[in-house]
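Working notes, beginning with the structure itself.
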Amino acid sequence: GFHGMKSINQIHVKKLKNLVIVQLNGLYLKNVRHLQYCVLLKICILSNNYITNIDALECCTHLVKLDLHGNQIQHLPGPVFWEGMKELNLLYLHDNGIGKLDNVHSLSFCPNLIGLTLFDTPLSLRIVYRHIVVNSILSLKALDYYVISDEEIVEDWKLPEKYKAFSPSFFLDFCPAPRKEPTFEEDIRVVKYIISKINHILAHHSPVVIVQRWIRGYLTRKRFWYVHIFI
């Protein structure tokens with residue numbers, strides 16, 4: 001009997017190892033320890049559960065999108081956990097009990113985080129909440145419902161209306177409603193679409209990006225012209 005049990009477990013572990021998408025939202029889930037076997041996981045949707053601890057996800061280093069909104073998380077794992085998440089682009093943490101600033105410090109180790117939600121948390125009620133988050137997580141391009149403007153990063157930089165923080169041009173709701181039958185291809189497409197939308201907004205409303213683009217164009221033309229002369 002024991003050996004039979006063991007082989008069943010091995011079969012389960014083998015199946016878990018091959019999963020690239022998991023959607024377990026609204027299932028009264030309290031722990032995520034079985035997900036430690038999902039080493040190839042890219043999309044993980046665990047919203048609206050009773051989760052307090054996500055340490056088991058440390059093995060899921062291929063995550064691109066992690067949705068944990070609507071849980072009971074108060075403390076996030078430390079820097080080492082986030083440092084390993086090299087592919088994580090979108091992280092949804094809104095509607096949780098996260099309140100301490102050291103959580104932001106931990107998140108700052110996540111090297112390629114582009115979009116983050118933390119609204120409806122005790123942390124988001126702090127006066128300088130947004131300022132601290134956008135200036136701690138250097139890769140971040142969108143926080144809550146707004147793409148981050150240059151004005152928020154560069155101190156005391158007063159910009160014309162269309163480049164200002166929270167101007168309608170920076171608004172972007174990047175919280176997609178979970179679908180009944182998610183497919184990996186569809187979800188990855190949504191992730192790519194959100195990131196391209198964020199980049200599109202920045203390309204048109206961020207003076208820094210516009211200047212960078214202009215300089216890059218100028219240098220490319222100059223290089224081309226330079227090469228042209230010597231051919």
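Residue numbers for the sequence shown follow UniProt numbering, beginning at 1 and rising by one. Yeah, the Cβ is synthetic: ideal placement off N, Cα and C, and Gly gets one too.
Would you tell me roughly how many angstroms separate the C-alpha atoms of residue i and residue j, rounded to the nearest one?
{"i": "Y193", "j": "P182", "result": "16 angstroms"}
{"i": "L63", "j": "L57", "result": "9 angstroms"}
{"i": "T61", "j": "L172", "result": "27 angstroms"}
{"i": "L46", "j": "F109", "result": "22 angstroms"}
{"i": "K180", "j": "K42", "result": "18 angstroms"}
{"i": "L134", "j": "N18", "result": "Reading the sequence as shown, one finds Val at residue 134 and not Leu. Cα to Cα, the separation comes out at about 35 angstroms."}
{"i": "H34", "j": "H204", "result": "44 angstroms"}
{"i": "residue 234", "j": "I195", "result": "Since the first residue shown for the chain is 1 and the last is 231, residue 234 is missing from the structure and cannot be characterised."}
{"i": "I11", "j": "Y37", "result": "12 angstroms"}
{"i": "A177", "j": "D67", "result": "11 angstroms"}
{"i": "N31", "j": "F184", "result": "23 angstroms"}
{"i": "L16", "j": "L24", "result": "14 angstroms"}
{"i": "V22", "j": "D95", "result": "20 angstroms"}
{"i": "F174", "j": "P168", "result": "15 angstroms"}
{"i": "Y28", "j": "H69", "result": "13 angstroms"}
{"i": "G91", "j": "C44", "result": "The sequence given here places Leu at residue 91; Gly does not occur at that position. Whole-angstrom Cα-Cα distance: 10 angstroms."}
{"i": "V20", "j": "E87", "result": "13 angstroms"}
{"i": "S106", "j": "I51", "result": "19 angstroms"}
Which of the three DSSP states, helix, strand or coil, is assigned to residue i?
{"i": "C44", "result": "strand"}
{"i": "L107", "result": "helix"}
{"i": "K30", "result": "coil"}
{"i": "Q64", "result": "Contrary to the premise, residue 64 reads as Val rather than Gln in this sequence. The answer is coil: DSSP assigns V64 none of H, G, I, E or B."}
{"i": "L90", "result": "strand"}
{"i": "Y50", "result": "coil"}
{"i": "I201", "result": "helix"}
{"i": "I114", "result": "coil"}
{"i": "Q36", "result": "helix"}
{"i": "Q23", "result": "strand"}
{"i": "D177", "result": "Correcting the residue identity first, residue 177 is Ala in this sequence and not Asp. The answer is coil: DSSP assigns A177 none of H, G, I, E or B."}
{"i": "Y146", "result": "strand"}
{"i": "F171", "result": "strand"}
Using the Cβ count rule (16 or more neighbours within 10 Å means buried), how would you classify residue i?
{"i": "V13", "result": "exposed"}
{"i": "G26", "result": "exposed"}
{"i": "A125", "result": "The sequence given here has Leu at residue 125, not Ala. Looking at its Cβ environment, which holds fewer than 16 other Cβ atoms inside 10 Å, L125 is exposed."}
{"i": "N9", "result": "exposed"}
{"i": "G97", "result": "exposed"}
{"i": "R130", "result": "buried"}
{"i": "P77", "result": "buried"}
{"i": "D187", "result": "buried"}
{"i": "V104", "result": "buried"}
If I'm right that residue i touches residue j with Cβ under 8 angstroms, what's the distance once you round it to whole angstroms?
{"i": "S139", "j": "N112", "result": "6 angstroms"}
| Three or more C-beta pairs below 8 angstroms linking the region 112-122 and the region 140-147 | yes
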